Amino acid sequence: MKKYAFIVNPINSHQLKKLWPALRFIPSMLIRVLSVVLPRLKVLRIKTIRSNQGINTQGFLIISSLLSQQPSSLSREELVFDRVISAGHLAQRLDAKIIGLDCFAAMAVDKEYATIVKSLKIPVTSGHALTAWSVFEGVYRIAKARKMDLKRSQVAIIGAASTALGLAARKLSDYLAKITLTDRETAKLVKLKTLILTHADIEVVIENDAGRAVKEADIVIKADCLEESPSNFNLKDLKKGCVFCHIPSFYNGFDRSRLRDDIAFVQLGLIKLPFQQHVGVYAGLPRGTIYASLAETMLLALEEKFVNYSLGEYINLDKLEEIADLAVQHGFEVWVPEAPLL
């Protein structure tokens with residue numbers, strides 16, 4: 001049975017206290033500083049998962065003490081790199097054959113993935129491919145269930161410069177007449193627009209103001225782990241009847257109490273395991289579901305496809321089709337309870 005490992009970062013000091021109980025009496029502000037010098041990695045075992053092909057895989061959750069909500073800086077990126085490399089070495093000692101990254105580690109690795117590849121003797125994947133596919137399929141199924149014509153619907157993506165949402169935008173563009181992209185990294189949006197227009201007949205709008213971007217949108221897509229996404233987004237800006245699609249990060253759900261009653265909320269980026277299995281690690285998700293990035297790592301282990309898979313800021317769309325096919329083969333299903341598969 002082939003093994004895998006998956007790196008995650010706690011969102012805040014409250015979660016860090018749960019994972020390192022000795023910290024429970026220390027003020028949260030001090031923990032932000034201490035998290036840099038804490039014992040760097042903690043390992044939890046993930047239960048064996050069986051695919052509908054009768055193949056098993058077992059994994060390890062490697063938790064870094066580095067908080068994902070710490071201020072972004074060069075030194076922080078260096079710390080993230082250091083933790084990923086340390087986790088990679090630990091994963092090798094645990095006999096894992098591939099290592100996956102949560103979105104916060106992946107964001108740092110995407111920029112300099114060649115450095116990680118050279119530093120580790122174990123393959124790495126970010127999970128971007130299956131995350132992007134799950135967003136695409138989720139939006140498609142929601143639109144179909146709600147009898148929305150995507151060609152006549154306006155879609156806005158907040159944080160479209162991120163790799164996963166950029167991939168999702170490229171895939172969705174084949175089914176849309178207009179898409180609005182917003183992010184602080186305008187240069188990346190210009191590149192993304194060029195990529196989209198090479199294969200799709202679509203109007204692509206780049207909008208620096210998130211409020212204006214979502215004002216007329218029928219479907220709005222936003223992920224949790226977007227440090228570079230516009231800060232001026234407000235749920236009040238969404239129009240009545242809008243479908244708000246949220247992609248959570250590890251340990252971090254969405255506070256539904258913040259939502260307006262006239263907005264449809266959909267959680268995307270999640271995968272349902274075959275046979276109603278449970279990974280045995282609490283991540284704040286409905287039982288039997290996991291994050292798409294973790295599912296991608298599992299699928300590559302099940303297939304014994306031990307290669308650097310979805311890495312870098314620009315990934316070929318063929319990877320989306322390939323990982324989606326593997327998911328179907330092994331009984332992994334994009335989880336969208338609002339639009340179940342028949």
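Using this note's numbering, the first residue of the sequence shown is number 1, and each one after it goes up by one. A virtual CB, placed ideally from N, CA and C, is assigned to each residue, including glycine. Quantities reported herein were computed from a predicted structural model and do not represent experimental measurements.
Nearest-angstrom beta carbon gap, residue j and residue i [assumed within contact, 8 angstroms]
{"i": "I98", "j": "F306", "result": "5 angstroms"}
{"i": "E304", "j": "K2", "result": "6 angstroms"}
{"i": "N308", "j": "V117", "result": "6 angstroms"}
{"i": "S293", "j": "F104", "result": "Contact flag wrong, Cβ pair sits at about 11 angstroms."}
{"i": "D158", "j": "I221", "result": "Position check: residue 158 holds Ile in this sequence, whereas Asp was assumed. With a Cβ gap of about 7 angstroms, I158 and I221 count as contacting."}
{"i": "I7", "j": "A114", "result": "Their Cβ separation, rounded to whole angstroms, is 18 angstroms, which puts I7 and A114 out of contact at 8 angstroms."}
{"i": "I49", "j": "N56", "result": "7 angstroms"}
{"i": "A96", "j": "I122", "result": "7 angstroms"}
{"i": "C245", "j": "G166", "result": "At roughly 15 angstroms, the Cβ-Cβ gap does not stay under 8 angstroms, so C245 and G166 are not in contact."}
{"i": "A217", "j": "Q154", "result": "5 angstroms"}
{"i": "E333", "j": "L341", "result": "7 angstroms"}
{"i": "D410", "j": "G241", "result": "Since the first residue of the chain shown is 1 and the last is 342, residue 410 is not available in this structure."}
Nonlocal neighbours in the same chain, by C-beta distance under 7 angstroms from residue i, ignoring five residues either side
{"i": "S51", "result": "P274, L302, H330 and G331"}
{"i": "L189", "result": "A160, A161, L181, D183 and I206"}
{"i": "I323", "result": "A129, L130, W133, E296 and L299"}
{"i": "E338", "result": "I142, A145 and V266"}
{"i": "K215", "result": "D237 and K239"}
{"i": "Q53", "result": "Q329 and H330"}
{"i": "M148", "result": "D218"}
{"i": "Q92", "result": "K121 and I122"}
{"i": "V281", "result": "L44, I46 and L61"}
Neighbourhood of residue i by C-beta distance below 8 angstroms, restricted to the same chain and skipping five residues each side
{"i": "F136", "result": "A168, K171, L172 and L320"}
{"i": "L90", "result": "A5, L41, V43 and I62"}
{"i": "V109", "result": "V80, F81, V84, L101, I116, V124, S126 and L311"}
{"i": "L94", "result": "K3, A5, V43 and F60"}
{"i": "K193", "result": "L181, V204 and I206"}
{"i": "H278", "result": "K47, R287 and G288"}
{"i": "K272", "result": "G288, T289, F332, E333, V334 and W335"}
{"i": "F25", "result": "none"}
Residues near residue i in its chain [Cβ-Cβ closer than 6 angstroms; skip 5 each side]
{"i": "L270", "result": "T289 and W335"}
{"i": "K151", "result": "A177"}
{"i": "I247", "result": "A223, L268 and G269"}
{"i": "A264", "result": "V243"}
{"i": "I196", "result": "R170, S173 and V204"}
{"i": "T163", "result": "D110, H128 and E313"}
{"i": "S73", "result": "Legend: pLDDT at S73 = 49, less than 50; position of this residue unreliable, no value from coordinates given."}
{"i": "A200", "result": "S173 and D174"}
{"i": "F233", "result": "I158 and A210"}
{"i": "S119", "result": "I85"}
{"i": "A156", "result": "T180, A213, V214, A217 and V220"}
{"i": "K191", "result": "none"}
Which residues DSSP lists as bridging residue i, in chain order
{"i": "N56", "result": "R50"}
{"i": "H246", "result": "K222 and Q267"}
{"i": "L44", "result": "L61"}
{"i": "V8", "result": "I63"}
{"i": "T289", "result": "K272"}
{"i": "E333", "result": "K272"}
{"i": "K3", "result": "Q58 and A96"}
Residue i - containing alpha helix (DSSP H), residue span
{"i": "I158", "result": "Unbroken run through I158 is the beta strand (DSSP E), V155 to I158; no alpha helix (DSSP H)."}
{"i": "A292", "result": "A292 to L302"}
Residue range of the unbroken beta strand (DSSP E) whose run includes residue i
{"i": "K319", "result": "Element bounds for K319: not the beta strand (DSSP E) but the alpha helix (DSSP H), D318 to Q329."}
Min CB distance residue i to chain C below 8 angstroms
{"i": "I221", "result": "Annotation note: the requested chain C is absent from the structure, which comprises a single protein chain."}
Could I get the ranges of all uninterrupted alpha helix (DSSP H) runs contained in the stretch 93 to 148, with 4 residues as the minimum, in chain order?
-> 103 to 111, 113 to 119 and 128 to 145
Along the chain, which unbroken stretches of the alpha helix (DSSP H) at least 4 residues long are found entirely within the stretch 167 to 241?
-> 186 to 197 and 210 to 214
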